[in-house]
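Counting in the working numbering, the final residue of the sequence shown is number 159, and the numbers go up one at a time with none missing.
The C-beta atom is built at its ideal place from N, Cα and C for all residues, glycine as well.
Since the model is a prediction, treat every value here as computed from it, not as a measurement.
Comments concern the structure below.
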Amino acid sequence: MRISIASDHAGYDLRKKVEIHLEELGHEVISGGADSGEKPFSYVEAGKKVAEDVLGGKADRGIAICGTGIGISIVVNKYKGIRCGLSSNEYMARMSRQHNDANVLAFGARVVGSAVALAMVDAFLEETFAGERHAVRVNDIRALEDENFK
Ligand code: RB5
């Protein structure tokens, strides 16, 4: 899979670990955001990169990381067509795919350790959308986007 991953400064160290993991699994990694953990980098810019890569077809899925995961998940969910699940454990990441057909996973580098982060990434990439009643709800989300997004 082609994975766009970006973070602010707070997510930099964890992002690098996730990138190595993704490469080891054979995924194509499109990396964006902060160049280090030292210099402040806005989670807004990082989130924009992930959302635009996914919506523009450069990436199949996105991973968005900031300190809490909250700011960057808000940013990516401002884009029509992005369904980002902010997760703090493997179950949430798995359900974001199974029930919500999430195309972006967000988490907080100050919230989860690297083992949990990698388990969430694995669940997010391997899990499939269950469809059926969940497809009805995702279509209802699309209708809301049509109503509320320019
Ligand atoms: C950066 O200090 C922090 O505000 C950011 O990483 C994130 O947690 C915001 O939601």
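Grouping DSSP H, G and I as helix and E and B as strand, with all else coil, what is R142? helix
Any heavy atom of the ligand RB5 closer than 7 Å to the beta-carbon of A19? yes
Where do the ends of the alpha helix (DSSP H) carrying L64 lie? Y52 to L64
I12 vs V38 beta-carbon contact at 8 Å: Yes, the pair counts as a contact, with Cβ atoms nearer than the cut-off.
Check R151 in the structure and name its three-state DSSP category. helix
Spatial neighbours of R103 in its chain, beta-carbon cut-off 8 Å, leaving aside the 5 residues before and after: A132, F133 and E136.
I need the boundaries of the alpha helix (DSSP H) containing A132, first residue and last residue. S123 to E135
Can you tell which of I81, V27 and R142 has the C-alpha that lies nearest to the C-alpha of F50? I81
Around the Cβ of D62, are there at least 16 other Cβ atoms within 10 angstroms (buried) or fewer (exposed)? buried
Give the secondary structure of E47 by DSSP, where H, G and I count as helix, E and B as strand, and everything else as coil. coil
Quick one: does the C-beta of G42 sit closer than 7 Å to a heavy atom of the ligand RB5? no
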